[in-house]
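The next block holds one structure in the form of C-alpha cells; read it before the comments.
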Amino acid sequence: MSTFTAPKGTYDLLPPSSATFLAIRERLSAPLRRSGYGYIETPVFEDIKLFSRGVGESTDIVSKEMYSLTTKGGDELGLRPEGTASVVRATLQANLHKLGNLPVKLWYSGSFYRYERAQKGRYRQFAQIGAEAIGAEDPALDAEVIILADDAFRSLGLSNYQLLLNSLGDKQCRPVYRTALVDFLAGLDLDEDTRRRAEINPLRVLDDKRQSVQDQLVDAPMLRDFLCEECKAYDEQVRALLTAAGVAFVDDPKLVRGLDYYTRTTFEFVHGGLGAQSAIGGGGRYDGLSEMLGGPALPSVGWGLGVDRTFLAMEAEGIVLDLPATTSVYAVALGEEAKNVLFGKVTELRRAGIATDLAFGVKTIKNAMKSADRSGARFALVAGDRDLAAGVVQLKDMTTGEQIPVELEALVTTLKEKQL
Ligand code: AMP
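The sequence shown begins at 1 in full-length UniProt numbering and counts up one residue at a time.
Printed below as a string of C-alpha cells:
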C-alpha cells in the first residue's frame with residue numbers, strides 16, 4: 001500500500017463497480033435528456049457568498065459543512081455543497097432566461113462537497129444528477145420533475161422507496177405559520193443549539209431527528225393547516241397530476257429539507273434499505289432564489305438525486321445491471337512477429353466497434369490464457385508465427401472451449417457476425 005489513502009469521507013470508484021456507477025448516471029439522466037433538459041456544467045467552486053446567500057446562512061450545509069478557501073489573490077471561495085445556486089447563477093449570468101423559452105430546463109452531473117460526519121451513505125464528496133426548471137410557476141412543471149425522478153429510479157429497477165411530499169407555502173402564508181410555530185417552540189424544553197435554530201429557522205426544528213425533540217413536536221402546528229388558497233390549489237394540482245401519472249406519494253407534513261430556498265412543493269425520495277441515510281433524492285420549488293441572487297423573479301423547481309446512495313440502494317435490493325461486457329475479444333500473440341500483426345488487427349477490431357483487449361508482456365501461453373479468462377471476453381484470438389504463416393488466427397470460444405482457425409482477412413467480418 002502507498003503512504004497515502006483517500007481522504008476521510010471519500011472513496012475511489014474502481015472497476016468493475018465503477019461501470020455500474022457510470023450506468024447509474026446515464027440512466028438517472030436519461031429521462032431528462034428526452035424531456036427538453038439541456039446539459040450544464042458549472043465550476044466546483046464559487047464565490048462563497050453565492051452559497052451563504054442562496055442556500056442560507058443558517059443551514060448546516062453552509063454554516064457547518066461547507067469547504068471554504070481563500071485564494072492567493074484573496075478571493076473567498078466555497079466548494080459547492082449543492083447544485084441549484086450555481087445553476088441559477090449561471091442562468092442569470094448568461095441571460096438564458098431572456099434568450100429562449102421559459103422555463104430554462106437544465107440538467108447536471110457532478111461532485112459535491114460537504115464536511116459531514118462520514119459514514120456509509122454519507123460522504124464528504126458525493127455525486128448527484130440534478131435537474132432545474134427555471135422561470136415558470138406551473139404545477140405541471142413540479143409534477144414533471146417529480147415524475148422524471150421517479151422514472152429514473154424505476155428505470156434502474158428500484159422499487160423499495162417512497163416519495164414523500166409536502167408544501168412549504170409561499171411568502172404570503174409561510175410567515176403566518178412561522179409565527180405560530182415560533183410561539184409553539186418557545187414553550188418547549190429545547191437545548192441551547194436547538195433554541196437558537198428555532199429563532200433563526202424554526203421550520204428546521206421540525207426536521208430534527210432526535211426522539212426527545214420529536215416527542216415534543218406531536219402537537220406542533222402544521223404548515224398544511226396554514227396554506228393560503230393559492231398554495232393549497234397549487235399543491236392539489238401537483239398531486240392530481242402525479243396520481244394521473246401513476247406516481248405514488250406519501251404526505252409528510254414535517255418534510256422541510258435542509259436548504260432555505262424552498263417554497264411550495266418539496267419532496268424527498270427515501271429508500272427502505274439504507275438505514276439512517278435513506279434519502280436517495282430530493283428537491284422542490286424555489287421561487288425566491290433568483291431574486292436572492294440579484295436576478296429577476298424566476299419561479300423555479302428542481303431536484304438532486306444522489307448517485308452514491310442510488311448505488312447502495314440497488315445493492316440493497318440485489319439489483320445487478322445487465323451491462324455490456326467491457327471486453328468481448330482478448331488477443332494473445334505468441335511471438336514477436338505475431339504480436340505486430342495481431343496488434344494491427346486489434347486496432348482494426350476496435351475501430352469496427354468491437355471491444356477488444358490484448359495481452360501485453362506475454363511470457364507463457366498458460367498465463368496469457370488465464371488473462372483472457374479473467375477479462376470476461378467471449379472470444380480469445382490466439383496467433384503464433386506458424387498460424388500467421390498460414391494467414392490465420394485461432395478463434396477460441398471461451399464458453400465452449402471450441403477453437404477454429406479464421407482467415408486474417410475475414411477476422412473483422414467473422415466477429416461482427418457474432419454480434420459483439
Ligand atoms: P440534498 O441537497 O441534501 O437534498 O441532497 C440531495 C441528494 O444527494 C440526497 O437525497 C442524497 O441522495 C444525496 N446526498 C446528499 N448529501 C450526501 C452525502 N453527504 N453523501 C452522499 N449522498 C448525499
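Think of the CB as a built atom: it goes at the ideal place given N, C-alpha and C, for glycine as much as any other residue.
Exposure of Leu321 is indicated by the presence of fewer than 16 other C-beta atoms within 10 angstroms of its C-beta.
Here Gln237 is not bridged, per DSSP, to any residue. Taking C-beta separations shorter than 7 Å and ignoring five residues to either side along the sequence, the partners of Phe267 in its chain run Ile146, Leu163, Leu164, Leu165, Gly282, Gly283 and Gly284, following chain order. In this chain, the beta strand (DSSP E) harbouring Thr265 covers Thr263 to His271.
Setting aside the 5 residues that flank it on each side, Pro324 is surrounded in the same chain by Ala355, each with a C-beta closer than 8 Å to its C-beta; the list follows chain order.
A Cβ-Cβ separation of about 13 Å leaves Ser167 out of contact with Leu242 under the 8 Å criterion. In the structure shown, Tyr177 adopts helical secondary structure according to DSSP, grouped into three states. Rounded to whole angstroms, the Cβ separation of Thr265 and Asp142 is 4 Å, and the two are in contact under 8 Å. Residue side-chain check: Ala279 places its Cβ nearer than 6 Å to a non-hydrogen atom of the ligand AMP.
Ile61: member of the alpha helix (DSSP H) spanning Asp60 to Ser63, first to last residue. Glu317 is not a Cβ neighbour of Asn101, given a cutoff of 7 Å. Between Val362 and Arg309, the alpha-carbon positions lie close to 41 Å from each other.
Only residues of its own chain outside the window of five on either side were considered, and among them Glu57 have a CB closer than 7 Å to the CB of Ser63, listed in chain order.
With a cutoff of 7 Å on beta-carbon distance, Pro81 and Arg124 are scored as not near each other.
Relative to the ligand AMP, the beta carbon of Glu65 is positioned no closer than 6 Å to any heavy atom. The beta carbon of Asp308 sits closer than 6 Å to at least one heavy atom of the ligand AMP.
Shown here, Gln216 sits in a helix according to DSSP, grouped into three states.
Taking a 10 Å sphere around the C-beta of Tyr177, we find 16 or more other C-beta atoms and assign the residue as buried. Taken through DSSP and simplified to helix, strand or coil, Lys396 comes out as strand. Counting along the chain, the unbroken beta strand (DSSP E) around Phe379 starts and ends at Phe379 to Gly384. Check the Cα spacing between Lys209 and each of Ile129, Val256 and Glu236: the tightest is with Val256. At a cut-off of 6 Å, the beta-carbon of Gly56 does not count as near the ligand AMP: no heavy atom of the ligand is closer than that.
The Cβ atoms of Ser109 and Arg197 do not sit closer than 7 Å to each other. As a beta-bridge residue in DSSP terms, Asn166 pairs with Thr266. Of all alpha-carbon atoms in Asp215, Leu181 and Cys231, the one lying nearest the alpha-carbon of Ile200 is that of Leu181. When Gly78, Gly130, Glu46 and Gly376 are compared, the shortest CA-CA separation from Pro31 is found for Gly130.
Secondary structure within the region 10 to 76: the alpha helix (DSSP H) runs of 4 or more consecutive residues, fully enclosed, are 17 to 33, 48 to 51 and 60 to 63 (chain order). Between the alpha carbons of Pro221 and Gly54 lies a distance of about 27 Å. Excluding five sequence positions before and after Leu298, the CB atoms of its chain that fall closer than 7 Å to its own CB belong to His97, Ile134, Gly135 and Ser290, given in chain order. Val392 and Val382 do not touch by the CB rule: their CB atoms are close to 11 Å apart, not below 8 Å.
Comparing alpha carbon positions, the residue from Gly83, Glu65, Ser155 and Leu79 closest to Ala118 is Glu65.
Contact between Thr327 and Ser371 is absent: CB atoms are separated by about 10 Å, not below the 8 Å threshold. Using a cutoff of 6 Å, the CB of Gly282 counts as near the ligand AMP, since one of the ligand's heavy atoms is closer than that.
Relative to the non-hydrogen atoms of the ligand AMP, the Cβ of Tyr261 never comes closer than 6 Å to any of them.
Using a 10 angstroms sphere on the CB of Gly83, the tally of other CB atoms reaches 16 or more, which defines it as buried. Taken from the Cβ of Glu82, at least one heavy atom of the ligand AMP lies inside 6 Å.
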